[in-house]
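*Asks:* Chains as they are written, first to last, in the working numbering: chain A, 1 to 268; chain B, 1 to 384; chain C, 1 to 308. Backbone N, C-alpha and C fix where the C-beta goes; we use that ideal spot for every residue, glycine too. Mind looking over this structure? Questions follow.
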Amino acid sequence: MAYRFGRWLADRWILVIGLLVLAYLFLPIVMVVALSFNKPSGRLSYDLNKFTLDNWLHPCAAGDMCTAVGRSLRIGLVATVIATVLGTLMAFALVRHRFRGRAATNLLIFLPMATPEVVMGSSLLALFVAGQVPLGFWTIVIAHVMFCVSFVVVTVKARLAGLDPRLEEAAMDLYASEWQTFRRVTLPLVLPGIVAAALLSFSLSFDDFIITNFNSGSTVTFPMYVWGAAQRGIPPQVNVIGTAMFAVSFLIVVGGQVTAWRQRRRLL
Amino acid sequence: MDERTRTAGDLHLANVTKRFGTITAVDDLTLTVPQGSFFALLGASGCGKTTTLRMVAGLEEPTSGQVLLGGRDISRERPYRRPVNTVFQSYALFPHLDVFENVAFGLRRRGAKNVAAQVRDLLALVQLAGYERRRPAELSGGQQQRVALARALINHPQVLLLDEPLGALDLKLRRQMQIELKRIQTEVGVTFLHVTHDQEEAMWMADTVAVMNAGRIEQLGAPEDIYEFPASPFVANFLGQSNLFAAEVSGRSGEDLLLSAHGSRFAAPAGRARSADGQVWLGVRPEKVQLAPTEQGAPPGHNAVNGVLTDICYAGVSTEYLVKTPWGQEMSVFSANAAAGGLLQPGTEVVAHWFPTHSFVLRRSPDEGEPTPVYAADPLGVAP
Amino acid sequence: MSALGHVGTAVEPGAAPPPSTEPVAGARRRRLLPYLLLLPGGAWLTLFFAVPALQLFATSLYDPSGSLAEGYAMTWRLANYADAVAAYWPHFFRSFLYSGIATAACLLLGYPLAYAIAQKAGRWKNLLLVAVIAPFFTSFLVRTLAWKTILSDNGWLVGVLRDLHILAPGGRLLATPFAVVAGLTYNFLPFMVLPLYASLEKLDGRLLEAANDLYANPVRTFARVTLPLSMPGVVAGTLLTFIPAAGDYINAELLGTPNQYMIGNVIDSAFLVRLDYPQAAALSFLLMAAILAMVFVYVRRAGTEEVL
Numbered sequence: 001m002a003y004r005f006g007r008w009l010a011d012r013w014i015l016v017i018g019l020l021v022l023a024y025l026f027l028p029i030v031m032v033v034a035l036s037f038n039k040p041s042g043r044l045s046y047d048l049n050k051f052t053l054d055n056w057l058h059p060c061a062a063g064d065m066c067t068a069v070g071r072s073l074r075i076g077l078v079a080t081v082i083a084t085v086l087g088t089l090m091a092f093a094l095v096r097h098r099f100r101g102r103a104a105t106n107l108l109i110f111l112p113m114a115t116p117e118v119v120m121g122s123s124l125l126a127l128f129v130a131g132q133v134p135l136g137f138w139t140i141v142i143a144h145v146m147f148c149v150s151f152v153v154v155t156v157k158a159r160l161a162g163l164d165p166r167l168e169e170a171a172m173d174l175y176a177s178e179w180q181t182f183r184r185v186t187l188p189l190v191l192p193g194i195v196a197a198a199l200l201s202f203s204l205s206f207d208d209f210i211i212t213n214f215n216s217g218s219t220v221t222f223p224m225y226v227w228g229a230a231q232r233g234i235p236p237q238v239n240v241i242g243t244a245m246f247a248v249s250f251l252i253v254v255g256g257q258v259t260a261w262r263q264r265r266r267l268l
Numbered sequence: 001m002d003e004r005t006r007t008a009g010d011l012h013l014a015n016v017t018k019r020f021g022t023i024t025a026v027d028d029l030t031l032t033v034p035q036g037s038f039f040a041l042l043g044a045s046g047c048g049k050t051t052t053l054r055m056v057a058g059l060e061e062p063t064s065g066q067v068l069l070g071g072r073d074i075s076r077e078r079p080y081r082r083p084v085n086t087v088f089q090s091y092a093l094f095p096h097l098d099v100f101e102n103v104a105f106g107l108r109r110r111g112a113k114n115v116a117a118q119v120r121d122l123l124a125l126v127q128l129a130g131y132e133r134r135r136p137a138e139l140s141g142g143q144q145q146r147v148a149l150a151r152a153l154i155n156h157p158q159v160l161l162l163d164e165p166l167g168a169l170d171l172k173l174r175r176q177m178q179i180e181l182k183r184i185q186t187e188v189g190v191t192f193l194h195v196t197h198d199q200e201e202a203m204w205m206a207d208t209v210a211v212m213n214a215g216r217i218e219q220l221g222a223p224e225d226i227y228e229f230p231a232s233p234f235v236a237n238f239l240g241q242s243n244l245f246a247a248e249v250s251g252r253s254g255e256d257l258l259l260s261a262h263g264s265r266f267a268a269p270a271g272r273a274r275s276a277d278g279q280v281w282l283g284v285r286p287e288k289v290q291l292a293p294t295e296q297g298a299p300p301g302h303n304a305v306n307g308v309l310t311d312i313c314y315a316g317v318s319t320e321y322l323v324k325t326p327w328g329q330e331m332s333v334f335s336a337n338a339a340a341g342g343l344l345q346p347g348t349e350v351v352a353h354w355f356p357t358h359s360f361v362l363r364r365s366p367d368e369g370e371p372t373p374v375y376a377a378d379p380l381g382v383a384p
Numbered sequence: 001m002s003a004l005g006h007v008g009t010a011v012e013p014g015a016a017p018p019p020s021t022e023p024v025a026g027a028r029r030r031r032l033l034p035y036l037l038l039l040p041g042g043a044w045l046t047l048f049f050a051v052p053a054l055q056l057f058a059t060s061l062y063d064p065s066g067s068l069a070e071g072y073a074m075t076w077r078l079a080n081y082a083d084a085v086a087a088y089w090p091h092f093f094r095s096f097l098y099s100g101i102a103t104a105a106c107l108l109l110g111y112p113l114a115y116a117i118a119q120k121a122g123r124w125k126n127l128l129l130v131a132v133i134a135p136f137f138t139s140f141l142v143r144t145l146a147w148k149t150i151l152s153d154n155g156w157l158v159g160v161l162r163d164l165h166i167l168a169p170g171g172r173l174l175a176t177p178f179a180v181v182a183g184l185t186y187n188f189l190p191f192m193v194l195p196l197y198a199s200l201e202k203l204d205g206r207l208l209e210a211a212n213d214l215y216a217n218p219v220r221t222f223a224r225v226t227l228p229l230s231m232p233g234v235v236a237g238t239l240l241t242f243i244p245a246a247g248d249y250i251n252a253e254l255l256g257t258p259n260q261y262m263i264g265n266v267i268d269s270a271f272l273v274r275l276d277y278p279q280a281a282a283l284s285f286l287l288m289a290a291i292l293a294m295v296f297v298y299v300r301r302a303g304t305e306e307v308l
């Protein structure tokens, strides 16, 4: 009896540790949700005080927070569209074509992912200053596209590389021209990768602070608002936004998983 | 689209060569596939048969040479301009479309009318009526294969290309599909160009078989012709099995060639010899050889080889005997188990004999010794 | 994020079979096509990443006595670098120390989690992966601030630790190096778990069975089979964690005091507060150079160049 329990434990101790680590990952999220229902005792207090629904009922009561959120959303949308288009084109070139300068291109794509954000943000700022470009919405978008493109390329490339080239050959064998093949076979099959890349891009953009901070001038995005508020006193509504972000992302991802699961069930 | 409704014709490859860098995959290949025939390209992996097929489809372009269909040069045309369709080895069904849309794909690209009726007819032909709305992932291997076939046939191609389509199926299903394909081809009358490494499959299904080796065609002809009278040791060993003895032509006697090998004398019809003098291979198919106990001796006029029975492989329908000759070569003898019982025992001294007319004679180059036997008789090297 | 594990493994068009030679008509257009596809993205990256980086390098050599208003004189002043190191070497040291500890902690915590998901999770795999990246669903800053509450002096955790005498009475967790490192570990843990998972997922369970069959106990199996085969994931995860952590300054700012400031904080203030651009640029490049050097040595030692 003890032996069997011992075996059961030995098989599963890794799982137990893993779940503990997972709990550690979720601890702050739980705290964020808790804080969103919190009525702080003072402006600079971070302690849990009293339960309240006020924050959820008046999410925009805190200063310019909602403006900042709206701005972050707009920036995210624009940067995502641009980065996804640019990155997808590059991914196609890398996977489907031969050309000289492949190594240099790969380097150019990889370096932004490996460079510390301080360096990227500061160098871009220096460029804008030298070019006397006014800092604001568009400089932020430019910066975001810059660091998102690499992630889009990698994501789409992975999906594209897994695509059986025989499918495109079959399409051409069946009287589809190159363009028709792309439209009717390649694109539908790569689309999940492009969508994933876009979602990744949006979340990177929305959540970015360091690079944005360098290149925003006086424009305020949501992360910058939080940063500034950290000095002045965090309004609890910030945690409302944090919780809302979590809920939305969670629903999207879980929704995607459920759709895939239901598709698989059809096959049984 | 007039190119595709032109009167059908023969498929002709003229001196087609394909090089990939330093590798020559197809070497100066010339062949004609008669319209309406079932033609098999047979060879081992890497012999160039798939490359040849892809050049006909337009998925590869010949380095030199021409591909002609009904007299028209299609060598440089894009695949979607050729009246040729392919059934791919992995089927290549579009995973995001259902069976109906897969089959209808070619029709839709050409703007055909009356798509639904044509799709229904084709699915009935391949016995998949009612499967229109299924997805490829929901189908079994055999079903996917039939969808791939329907998808290609529905376009009434002048040539249908099949790239080892039955490779992924289990034995029983493969047999069924071989019969199916033959039936459909006869019914529809389209030229089939079938690429395979399975020599039994090629001989079963095809009107004409071309055996390919290292980018070249070694022999081309009807299955029974190339089987009974191979053109080279490669064909003799690739198509079925052969016993090949190193021999020399020692003379003629009327219609027959006289040969001497390993101190014994043999005869073979001159009409079944690829070379009439010098060094040759004397060949005989294992199923043509009979065994008799040495005391009994061989019937007069037969070619005969003495030996010792070393192994017996009983396979139900037939038994394969391995006979070790005095000069150390292993002969293979197939014997149908027409009567129950009566298997010879290993160690028996026997004489293997056959009608001289069953012999065939092949050219032998000076550096060729005895070909390695089909079975590695002693893989661990423990035999004495 | 696991897509990062696939960088560089794209199937070359020349894999099997080799690509077709193009027909003459439209050949030139087809040859140009890849360059046209690369042009927009490549131009963007060149203009907004490569050029600024070069520009930054040039700035690091300016005469620091200039200013934005008066302009800078380019004097190839390599001494800027020496000055920067002399002034801020404690911050460099602290940055690499903190991020090094955080990376090690991430490895210790992340490996069991990745292993559990890859080998032991069965049909819960996808759900657990979602759980791993769930922290990304909420803002980096917001969840770092949540740690301020968790580690707060009046909070539950500090109270328990004081009661257990692990912490001195009146001892703090916030505003200590511990808090900063803990924050770094937390924020970059998913970056370690995902590449590790990608690597461990490819591990064939039958290899472990074979090892057991050949008389290896669990410890030896891990050391001789599992760990070496997961090295690409370990290397990728370590790099993806260490590199951003070394340049981070948010954790130090929010969870620490100026005594814990990392080099990132210094660069930030140099650029935005003190407006000393040559020094800021020199510091940035020193950071990059140091990271690249360490990465190079590390990858060499780990023996895996397939990371990329």
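1. Where residue 169/B and residue 90/B are concerned, what is the direct C-alpha to C-alpha distance, given to the nearest angstrom?
2. Following the continuous alpha helix (DSSP H) through residue 233/B, name the residue where it begins and the one where it ends.
3. With distances taken Cα to Cα, identify the nearest neighbour of residue 242/A among 295/C, 145/C and 280/C.
4. Taking residue 144/B as part of the alpha helix (DSSP H), name the residues at either end of that continuous run.
5. I want to see whether chain B comes within less than 7 Å of residue 166/A, judged by CB atoms only; does it?
6. Beta-carbon within less than 7 Å of residue 263/C's beta-carbon, same chain only, minus the 5 sequence neighbours each way: which residues are those?
7. Do you know whose CA, among 117/B, 157/B and 140/B, lies nearest residue 80/B's CA?
8. Can you name the start and end residues of the beta strand (DSSP E) that residue 303/B belongs to?
9. Does the count of Cβ pairs from the segment 180-195 of chain A and the segment 225-245 of chain A closer than 8 Å reach three?
10. Please confirm whether residue 90/A has its beta-carbon closer than 7 Å to some beta-carbon of chain C.
11. Taking the beta carbon of residue 189/B as the centre, do at least 16 other beta carbons fall within 10 Å, making it buried, or is it exposed?
12. Helix, strand or coil for residue 318/C, going by three-state DSSP, please let me know.
13. Contact check, residue 361/B vs residue 272/B under 8 Å by CB: the rounded distance?
14. With distance defined between alpha-carbon atoms, name the residue in 204/A, 207/A, 24/A and 9/A nearest to residue 106/C.
15. Could you name each continuous alpha helix (DSSP H) segment of 4 residues or more that falls completely within the segment 64-143 of chain B, going from the start of the chain to the end?
16. State the start and end residues of the unbroken beta strand (DSSP E) segment that holds residue 279/B.
17. Could you tell me whether the Cβ of residue 55/C comes closer than 7 Å to any Cβ of chain A?
18. Kindly indicate which three-state DSSP category residue 9/A falls into: helix, strand or coil?
19. Compare the C-beta of residue 123/A against all C-beta atoms of chain C and say whether one is closer than 7 Å.
20. Is residue 7/C close to chain A, meaning its C-beta is less than 7 Å from at least one C-beta of that chain?
21. Spatial neighbours of residue 217/A within its chain, please: C-beta separation below 6 Å, excluding the five flanking residues on both sides.
22. Measure how close the beta-carbons of residue 208/C and residue 226/C come, nearest whole angstrom, since I'm counting them as under 8 Å.
23. Just the Cα atoms here: how many angstroms apart are residue 87/A and residue 151/A?
24. List the endpoints of the continuous beta strand (DSSP E) containing residue 293/B.
25. Grouping DSSP H, G and I as helix and E and B as strand, with all else coil, what is residue 233/C?
26. Where does residue 105/A land, buried or exposed, given buried means 16+ other C-beta within 10 angstroms?
27. Between the segment 285-301 of chain B and the segment 237-253 of chain B, can you find at least three pairs of beta-carbon atoms closer than 8 Å?
28. Of all the CB atoms in chain A, is at least one closer than 7 Å to the CB of residue 115/C?
29. Does the distance from the CB of residue 282/B to the CB of residue 267/B come in under 7 Å?
30. Have a look at 311/B, 250/B and 329/B and flag the residue whose alpha-carbon is nearest the alpha-carbon of residue 321/B.
31. Look up residue 223/A in the DSSP assignment and say whether it is helix, strand or coil.
32. Which residues bound the alpha helix (DSSP H) around residue 180/B?
33. State whether the segment 183-193 of chain C contacts the segment 62-74 of chain A, with contact taken as three or more CB pairs (one from each stretch) at a distance under 8 Å.
34. Give me the Cα-Cα distance between residue 279/B and residue 230/B, rounded to the nearest whole angstrom.
35. Once you ignore the five residues that flank residue 308/B on each side, which residues in its own chain have a CB closer than 8 Å to its CB?
36. Does residue 207/A have its Cβ less than 7 Å from a Cβ in chain C?
*Replies:* Per the coordinate set shown:
1. Taking the first residue of the second sequence as 1, we reach residue 169/B at position 169. Taking the first residue of the second sequence as 1, we reach residue 90/B at position 90. Straight-line Cα distance between these residues: approximately 11 Å.
2. Translated into the one-based positions of the second sequence, residue 233/B becomes position 233. Note, residue 233/B: alpha helix (DSSP H), 233-238.
3. As a working note, residue 242/A is residue 242 in the first sequence. Selected option, being the one with the closest Cα: 145/C.
4. One-based indexing of the second sequence puts residue 144/B at position 144. First-last of the alpha helix (DSSP H) with residue 144/B: 141-153.
5. Indexing the first sequence from 1 puts residue 166/A at position 166. With 7 Å as the cut-off, residue 166/A counts as an interface residue toward chain B.
6. Within the third sequence, the letter at position 263 stands for residue 263/C. 88, 91, 92, 95, 283 and 287.
7. Taking the first residue of the second sequence as 1, we reach residue 80/B at position 80. Selected option, being the one with the closest Cα: 157/B.
8. For the purposes of this step, residue 303/B is taken as residue 303 along the second sequence, with counting starting at 1. Per DSSP, residue 303/B belongs to the beta strand (DSSP E) from 303-314.
9. No contact exists between the segment 180-195 of chain A and the segment 225-245 of chain A.
10. As a working note, residue 90/A is residue 90 in the first sequence. Chain C, which has a Cβ nearer than 7 Å to the Cβ of residue 90/A, makes this yes.
11. Position 189 of the second sequence, counting from 1, holds the residue named residue 189/B. By the Cβ-count criterion, residue 189/B is exposed, with fewer than 16 other Cβ atoms from all chains shown falling within 10 Å of its own Cβ.
12. Absent from the model: residue 318/C. The displayed extent of chain C is 1 to 308, so no value can be given.
13. As a first step, residue 361/B must be located in the second sequence, where it is residue number 361. As a first step, residue 272/B must be located in the second sequence, where it is residue number 272. The pair is a contact, with the Cβ atoms about 7 Å apart (cut-off 8 Å).
14. For the purposes of this step, residue 106/C is taken as residue 106 along the third sequence, with counting starting at 1. Among 204/A, 207/A, 24/A and 9/A, the Cα nearest to that of residue 106/C is on 24/A.
15. 99-109 and 115-125
16. As a first step, residue 279/B must be located in the second sequence, where it is residue number 279. 279-284 is the span of the beta strand (DSSP E), which, as asked, contains residue 279/B.
17. Counting from one through the third sequence, the residue named residue 55/C turns up at place 55. Yes, residue 55/C counts as interfacial toward chain A.
18. As a first step, residue 9/A must be located in the first sequence, where it is residue number 9. The answer is helix: DSSP assigns residue 9/A an H, G or I state.
19. For the purposes of this step, residue 123/A is taken as residue 123 along the first sequence, with counting starting at 1. Yes, its Cβ sits closer than 7 Å to a Cβ of chain C.
20. For the purposes of this step, residue 7/C is taken as residue 7 along the third sequence, with counting starting at 1. Legend: pLDDT at residue 7/C = 33, less than 50; position of this residue unreliable, no value from coordinates given.
21. As a first step, residue 217/A is located in the first sequence; it is residue number 217 there, counting from the start. Around residue 217/A: 135 and 136.
22. Position 208 of the third sequence, counted from the first residue, corresponds to residue 208/C. Position 226 of the third sequence, counted from the first residue, corresponds to residue 226/C. Confirmed, about 7 Å.
23. In the first sequence, residue 87/A corresponds to position 87, counting from 1. In the first sequence, residue 151/A corresponds to position 151, counting from 1. Here the C-alpha atom of residue 87/A lies approximately 8 Å from the C-alpha atom of residue 151/A.
24. For this step, residue 293/B is matched to residue 293 along the second sequence. Element bounds for residue 293/B: 290-293.
25. For the purposes of this step, residue 233/C is taken as residue 233 along the third sequence, with counting starting at 1. In the structure shown, residue 233/C sits in a helix (DSSP, three-state: H, G or I).
26. Locating residue 105/A in the first sequence gives position 105, counting from the first residue. With 16 or more Cβ atoms within 10 Å of its Cβ, residue 105/A is classed as buried.
27. yes
28. What you label residue 115/C is simply residue 115 of the third sequence in a count that begins at 1. Output row for residue 115/C: interface = yes.
29. As a first step, residue 282/B must be located in the second sequence, where it is residue number 282. As a first step, residue 267/B must be located in the second sequence, where it is residue number 267. Between residue 282/B and residue 267/B, the C-beta gap is not smaller than 7 Å, which leaves the two residues out of contact.
30. In the second sequence, residue 321/B corresponds to position 321, counting from 1. The candidate whose alpha carbon is nearest that of residue 321/B is 311/B.
31. Along the first sequence, read from residue 1 onward, the residue named residue 223/A stands at position 223. Of the three classes helix, strand and coil, the one that applies to residue 223/A here is helix, per DSSP.
32. Taking the first residue of the second sequence as position 1, residue 180/B is located at position 180. From DSSP, the alpha helix (DSSP H) with residue 180/B extends over 171-188.
33. These segments do not touch.
34. Here the question's residue 279/B lines up with position 279 in the second sequence. Here the question's residue 230/B lines up with position 230 in the second sequence. Distance between the alpha carbons of residue 279/B and residue 230/B is about 17 Å.
35. Position 308 of the second sequence, counted from the start, is the residue given in the question as residue 308/B. Closer than 8 Å at the Cβ level, and outside the excluded window around residue 308/B, lie 323, 324, 347, 348, 349 and 350.
36. Counted from its first residue, the first sequence places residue 207/A at position 207. Taking Cβ atoms only, chain C reaches closer than 7 Å to residue 207/A, which makes this a yes.
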